[in-house]
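Asker: Structure in structure tokens, see below.
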């Protein structure tokens, strides 16, 4: 069975940017079995080793950057750790979100320690579909642009669940009825979260880079259907 080719969006002699598909692990882990993972696919596709400097969860699609040497990986990883990288996502959430806001709520680490966390968001569009979902006569959703101001595990999903606007497709914290609605009416069974933009300092030239990744086709089809514009 042929392995998928990873779309490369930008590449120079120091780093590359790619579009990670939803459902693909970045690293091999104990639960992966023999399924392919991103680092392996990239190594085979490019014929060279690549170095991860940040993460995207398995169900999230979109923009990632990789370094092409250990030195550049260290420089970029320190930028991410210092929150010097501006990360932008788009997400579809349950309900009508406020026009904009900052979710400021600490999140517990795996060790149980509370850590400060902030997520900034702007509502880009809303949709009301007159089909009963649960106890309501219609289903309401929002498209939001999201910028996490800290880097906690599953921060975006946890923060929007905290304000009772869970992400569509979040099987752990989301609304099962809404998730089923999207599977049955739109054919979407994935998490509706995508990384679309990264702004950071180039590790070698020190120039400011702004890299963009359009949403995956299945997401863009949904946005077109609902007359949503992520560039608003």
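In this note's numbering, the protein residues as written are 150 to 381. Quick reminder that beta carbons are idealized off the backbone N, C-alpha and C, glycines included. All values derive from a computational prediction rather than experimental measurement.
Can you look up residue 253 in the DSSP assignment and give me helix, strand or coil?
Answerer: DSSP places residue 253 in strand when its eight states are reduced to three.
Asker: Can you pull the DSSP bridge partners for residue 291?
Answerer: Note: residue 291 sits in a beta bridge opposite 242 and 275.
Asker: Please name the residue or residues paired with residue 222 in a DSSP beta bridge.
Answerer: In DSSP, residue 222 forms no bridge with anything.
Asker: Would you check if the distance between the CB atom of residue 309 and the CB atom of residue 242 is smaller than 8 Å?
Answerer: Closer than 8 Å, so yes.
Asker: Return the residue from the list 205, 374 and 168 that minimises the CA-CA distance to residue 275.
Answerer: It is 374.
Asker: Pick helix, strand or coil for residue 325, following the three-state DSSP scheme.
Answerer: Helix at residue 325.
Asker: Leaving out five residues on either side along the sequence, give the residues of the same chain with a beta carbon under 7 Å from the beta carbon of residue 254.
Answerer: 266, 308 and 311.
Asker: Can you tell me where the alpha helix (DSSP H) holding residue 192 begins and where it ends?
Answerer: Residues 187 to 195.
Asker: Closest to residue 272 by CA distance: which of 249, 284, 279 and 226 is it?
Answerer: The option with the nearest alpha carbon to residue 272 is 249.
Asker: Quick check: what's the CA-CA separation for residue 165 versus residue 288?
Answerer: C-alpha separation (whole angstroms): 40 Å.
Asker: Could you check what DSSP says for residue 366 in three-state terms: helix, strand or coil?
Answerer: Note: residue 366 maps to helix in three-state DSSP.
Asker: Looking at residue 394: is its Cβ nearer than 8 Å to the Cβ of residue 222?
Answerer: This structure gives no information on residue 394, because the portion of the chain shown stretches from 150 to 381.
Asker: Between which two residues does the beta strand (DSSP E) holding residue 304 run?
Answerer: Here residue 304 belongs to no beta strand (DSSP E); instead the alpha helix (DSSP H) covers 304 to 311.
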